[in-house]
Amino acid sequence: QDEREPPDREEAEKTRRGLEGRIGKGKSAGGISYGYRLNRQPLPDGSFTTGDRTIDPEEAATIRRIFERYAAGASARTIAIDLNRAGIPAPRSGGKGSGRWSFSTISGNWKRGTGILNNELYIGRLVWNRQRFVKDPATGKRQARPNPPSEWITAEVPHLRVIEDGLWPRVKHRQGAIREDILTA
Numbered sequence: 133q134d135e136r137e138p139p140d141r142e143e144a145e146k147t148r149r150g151l152e153g154r155i156g157k158g159k160s161a162g163g164i165s166y167g168y169r170l171n172r173q174p175l176p177d178g179s180f181t182t183g184d185r186t187i188d189p190e191e192a193a194t195i196r197r198i199f200e201r202y203a204a205g206a207s208a209r210t211i212a213i214d215l216n217r218a219g220i221p222a223p224r225s226g227g228k229g230s231g232r233w234s235f236s237t238i239s240g241n242w243k244r245g246t247g248i249l250n251n252e253l254y255i256g257r258l259v260w261n262r263q264r265f266v267k268d269p270a271t272g273k274r275q276a277r278p279n280p281p282s283e284w285i286t287a288e289v290p291h292l293r294v295i296e297d298g299l300w301p302r303v304k305h306r307q308g309a310i311r312e313d314i315l316t317a
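In our numbering, each number is its position in the sequence shown, counted from 1, plus 132.
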């Protein structure tokens with residue numbers, strides 16, 4: 133029997149301010165994206181740093197491969213099939229999913245900034261607070277709700293850049309053209 137009360141608003145705000153401060157320092161306030169790993173360094177008191185990331189060279193090569201193939205005209209579905217055939221491990225799924233690449237892992241949702249092709253961390257920009265979670269009173273489940281861009285918090289983290297300058301805009305242009313084709317079809 134768990135009788136813990138939910139955190140009060142003051143505690144929630146304190147936690148939020150702490151996370152926002154981590155973002156301002158270019159640190160992770162949550163999970164680690166594909167292409168990176170934790171970089172924990174010892175501190176004088178015997179503890180370790182938290183929230184620091186470093187580029188994972190093998191995964192970064194896969195990210196560049198995905199961006200280059202997509203910019204050259206391959207679909208997200210084709211890229212996923214090729215990555216699975218090549219035996220390249222998919223992003224960590226936290227116990228969920230098949231452990232295989234899928235088109236949605238690559239293309240994600242451009243509005244929400246999800247998916248490999250929409251992750252601005254790959255161009256050295258950390259974006260936080262894109263969404264909030266609310267509990268559906270009918271089901272009790274958490275649901276993601278987008279925050280307006282004016283509430284997003286960004287930090288430049290050039291040491292985490294994986295994608296070259298010209299590749300990101302080529303991918304964004306292609307995504308926009310595909311969306312336009314779908315909307316006018």
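Even glycine gets a Cβ: it sits at the ideal position worked out from N, Cα and C.
Discussion item. So, under 8 Å CB-CB, glycine 256 and leucine 215 are touching, yes? Tell me the CB distance rounded to an integer number of Å.
Written reply: Walking along the sequence shown from the start, residue 256 turns up at place 124. Walking along the sequence shown from the start, residue 215 turns up at place 83. That pair is no contact at about 24 Å.
Worksheet item: For proline 301, which of Pro174, Ile164, Asn251, Arg224 has the nearest alpha-carbon?
Response: The sequence position of residue 301 within the sequence shown is 169, counting from 1. Nearest neighbour of proline 301 by Cα position, chosen from Pro174, Ile164, Asn251, Arg224, turns out to be Asn251.
Worksheet item: When the Cα atoms are used, what is the spatial distance from proline 280 to threonine 246?
Response: Taking the first residue of the sequence shown as 1, we reach residue 280 at position 148. Taking the first residue of the sequence shown as 1, we reach residue 246 at position 114. Their backbone Cα atoms lie some 16 Å apart in a straight line.
Discussion item. Using only CA atoms, which one of Gly167, Leu249, Asp268, Thr210 lies nearest to proline 223?
Written reply: Start at 1 with the first residue of the sequence shown, and residue 223 comes out as number 91. Out of Gly167, Leu249, Asp268, Thr210, Gly167 has the C-alpha closest to the C-alpha of proline 223.
Worksheet item: Going straight from the alpha carbon of glycine 205 to that of leucine 170, what length do you get?
Response: By one-based count along the sequence shown, residue 205 stands at place 73. By one-based count along the sequence shown, residue 170 stands at place 38. Cα to Cα, the separation comes out at about 33 Å.
Discussion item. By alpha-carbon positions, which one of Gln263, Ala287, Thr286 ends up nearest to glutamate 277?
Written reply: Working through the sequence shown from its first residue, we reach residue 277 at position 145. The sequence shown places arginine at residue 277, rather than the glutamate named in the question. If we check each option's Cα against that of arginine 277, Gln263 comes out closest.
Discussion item. Comparing C-alpha positions only, which one of Trp260, Ile211, Ala218, Arg141 sits nearest to serine 236?
Written reply: If you number the sequence shown from 1, residue 236 lands on position 104. Nearest of Trp260, Ile211, Ala218, Arg141 to serine 236, Cα basis: Ile211.
Worksheet item: Beta carbon of leucine 318, beta carbon of valine 289: below 9 Å?
Response: Absent from the model: residue 318. The displayed extent of the chain is 133 to 317, so no value can be given.
Discussion item. In whole angstroms, give me the CA-to-CA distance for aspartate 268 and tryptophan 260.
Written reply: The sequence position of residue 268 within the sequence shown is 136, counting from 1. The sequence position of residue 260 within the sequence shown is 128, counting from 1. Cα to Cα, aspartate 268 sits roughly 23 Å from tryptophan 260.
Discussion item. Measuring straight from C-alpha to C-alpha, what distance separates arginine 244 and leucine 175?
Written reply: Here residue 244 is taken as the residue at index 112 of the sequence shown, counted from 1. Here residue 175 is taken as the residue at index 43 of the sequence shown, counted from 1. In a straight line, the C-alpha of arginine 244 is about 36 Å away from that of leucine 175.
Fill in: Identity of the residue in Glu296, Ala270, Val303 nearest isoleucine 238 by Cα
Along the sequence shown, read from residue 1 onward, the residue named residue 238 stands at position 106. Nearest option by C-alpha distance: Val303.
Worksheet entry | Sequence-distant residues of its chain with Cβ nearer than 6 Å to arginine 201 (five each side left out) | Here residue 201 refers to the residue found at position 69 when the sequence shown is read from its first residue. Here the set comprises Ile211.
Fill in: Which listed residue (Arg274, Tyr254, Ile310) has its alpha carbon closest to that of aspartate 127
A query on residue 127 cannot be resolved here, the shown segment of the chain reaching from 133 to 317 and no further.
Discussion item. By alpha-carbon positions, which one of Ile164, Gly308, Glu142 ends up nearest to asparagine 241?
Written reply: The residue given as residue 241 occupies position 109 in the sequence shown. That would be Gly308, whose Cα lies nearest to the Cα of asparagine 241.
Worksheet item: CA-CA distance, aspartate 177 and arginine 185?
Response: One-based indexing of the sequence shown puts residue 177 at position 45. One-based indexing of the sequence shown puts residue 185 at position 53. Looking at the two C-alpha atoms, the distance is approximately 21 Å.
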